[in-house]
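> Below: one structure in structure tokens.
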Amino acid sequence: MTTVRIFFEKRGEAAYISLLDLQRVFHRLLKISGLPVWYTQGFNPHIYLSFSCPLSLGQESLCESCEVKTEQEAIDGTAWKNALQPLMPRGITITKVAVAVEKVGEISTAAYRISMPASAAPVLDAYNAAENAEVIKKTKRGQKTLDLKAYLPRVDYEVQGDQLHFSLLLPCGSGEALNLNPSLLMEYLHSRGGAPAWQCEVLRTHLYNTQGKDFA
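Take the sequence shown: its letter number 32 is residue 686 in the working numbering, and every next letter is one higher.
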């Protein structure tokens, strides 16, 4: 059995496709494509499909991926890409299809590019000057308090016209404590006079493995 990883961008209006709906989209399109994907066994067979560190609703990405399985030992990544792309909804662009190199558990960090109104600059300055920045993080076991300053001691930004931009590198993976969403920072800033989430743009640019290289 070969694990095939499908890399794709999720931009524009596609950012508002939930994970559940995205799973339905890929299931349907993989079936329509006629590609030799593997189906689970049992009373209700379905395509094996798993997404790597899915995004929150409204966030965009240049580095999403999902994996399927096939009984073929070798695949033609270009043929798979050409079969899938014409079927994809607007905003989803297949960038590469290849045999998976790493397991999802190898993902360690995620890089983001954030944009928000320039009026938020004083709030970011206050964040940088603060000794701590406590937020409530929801987990499967309930809620826990985290200090964002332990992961983001400061946020260096640049102002361009009426917008400001900054980059974040956050823990990302399967562990609850080691999976931080940039929305935690957005909510913290908003609670102190910053811009609401609908005025901010979040773009995930990279998923890195434990060696700091792009996840493959």
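Where is the CB? At the ideal position from N, CA and C, for every residue including glycine.
At which residues does the beta strand (DSSP E) containing PRO776 begin and terminate?
Within the sequence shown, residue 776 is the residue found at index 122, counting from 1. No beta strand (DSSP E) holds PRO776; the alpha helix (DSSP H) holding it covers 775 to 783.
> If you reduce the DSSP assignment to three classes, tell me which class PHE869 lands in.
As a first step, residue 869 is located in the sequence shown; it is residue number 215 there, counting from the start. Coil at PHE869, not helix or strand.
> Provide the residue span of the beta strand (DSSP E) that contains VAL856, from first to last.
One-based indexing of the sequence shown puts residue 856 at position 202. VAL856 -> beta strand (DSSP E) spans 855 to 863.
> Return the CA-CA distance between GLU788 and GLY666, expressed in angstroms with no decimal places.
To locate residue 788, count along the sequence shown from 1; it is residue 134. To locate residue 666, count along the sequence shown from 1; it is residue 12. Going from the Cα of GLU788 to the Cα of GLY666 covers about 31 Å.
> Would you kindly work out how many angstroms separate the C-alpha atoms of GLU718 and ASP779, rounded to a whole number?
As a working mapping, residue 718 is identified with position 64 in the sequence shown. As a working mapping, residue 779 is identified with position 125 in the sequence shown. Roughly 32 Å separates the two Cα atoms.
> Per DSSP, what are the beta-bridge partners of ALA764 in this structure?
As a first step, residue 764 is located in the sequence shown; it is residue number 110 there, counting from the start. LEU824, LEU861.
> Which of the three DSSP states is assigned to GLN817 in this structure?
Counting from one through the sequence shown, the residue named residue 817 turns up at place 163. Three-state DSSP puts GLN817 in a strand.
> Could you round the C-beta distance between LEU824 and TYR811 to whole angstroms and report it? I think they count as a contact, below 8 Å.
Here residue 824 refers to the residue found at position 170 of the sequence shown. Here residue 811 refers to the residue found at position 157 of the sequence shown. At roughly 16 Å, the Cβ-Cβ gap does not stay under 8 Å, so LEU824 and TYR811 are not in contact.
> So which of MET742, VAL722, ALA737 has the shortest CA-CA distance to HIS700?
If you number the sequence shown from 1, residue 700 lands on position 46. Cα-wise, what sits closest to HIS700 is VAL722.
> Whole angstroms are fine: how far does the CA of GLU714 sit from the CA of TYR670?
Here residue 670 refers to the residue found at position 16 of the sequence shown. Here residue 714 refers to the residue found at position 60 of the sequence shown. The alpha-carbon atoms of TYR670 and GLU714 are separated by roughly 9 Å.
> Would you identify the three-state DSSP class for VAL753, choosing helix, strand or coil?
In the sequence shown, counting from the first residue as 1, residue 753 sits at position 99. Under the three-state reduction of DSSP output, VAL753 falls in the strand class.
> In its own chain, which residues sit with a C-beta less than 6 Å from the C-beta of LEU673, not counting the 5 before and 5 after it?
The residue labelled residue 673 in the question sits at position 19 within the sequence shown. Answer for LEU673: PRO708, listed in chain order.
> Please go through the same chain and pick out, in chain order, the residues whose beta-carbon is closer than 7 Å to the beta-carbon of SER687, but skip the five residues on each side of it.
One-based indexing of the sequence shown puts residue 687 at position 33. Within the same chain, SER687 has close Cβ partners ALA737, LEU738, LEU741.
> Taking the alpha helix (DSSP H) that GLU841 falls in, what are its first and last residues?
In the sequence shown, counting from the first residue as 1, residue 841 sits at position 187. 837 to 845 is the extent of the alpha helix (DSSP H) around GLU841.
> Measure the CB-CB distance between GLY731 and VAL755 and report whether it falls below 9 Å.
Along the sequence shown, read from residue 1 onward, the residue named residue 731 stands at position 77. Along the sequence shown, read from residue 1 onward, the residue named residue 755 stands at position 101. Their beta carbons are not under 9 Å apart, which means GLY731 does not touch VAL755 by this criterion.
> Would you identify the three-state DSSP class for LYS803, choosing helix, strand or coil?
Along the sequence shown, read from residue 1 onward, the residue named residue 803 stands at position 149. Residue state, collapsed to three classes: helix.
> Looking at ALA849 and GLU841, is the spacing between their C-beta atoms short of 9 Å?
What you label residue 841 is simply residue 187 of the sequence shown in a count that begins at 1. What you label residue 849 is simply residue 195 of the sequence shown in a count that begins at 1. It is not a contact, given that the beta carbons lie outside the stated cut-off.
> Kindly give me the distance between the Cβ atoms of CYS854 and ILE768, rounded to whole angstroms, as I take these residues to be in contact under 8 Å.
In the sequence shown, residue 854 corresponds to position 200, counting from 1. In the sequence shown, residue 768 corresponds to position 114, counting from 1. Confirmed, about 7 Å.
> Going along the chain, which residues of its own chain have a beta-carbon closer than 8 Å to the beta-carbon of THR864, five neighbours each way excluded?
Position 210 of the sequence shown, counting from 1, holds the residue named residue 864. Within its own chain, the residues whose Cβ lies closer than 8 Å to the Cβ of THR864, once the five positions on either side in sequence are excluded, are GLU760, SER762, listed in chain order.
> For GLY847, which residues in the same chain have their Cβ closer than 6 Å to its Cβ, ignoring the five residues on either side in sequence?
Along the sequence shown, one-based indexing puts residue 847 at 193. Taken in chain order, the residues that qualify are VAL777.
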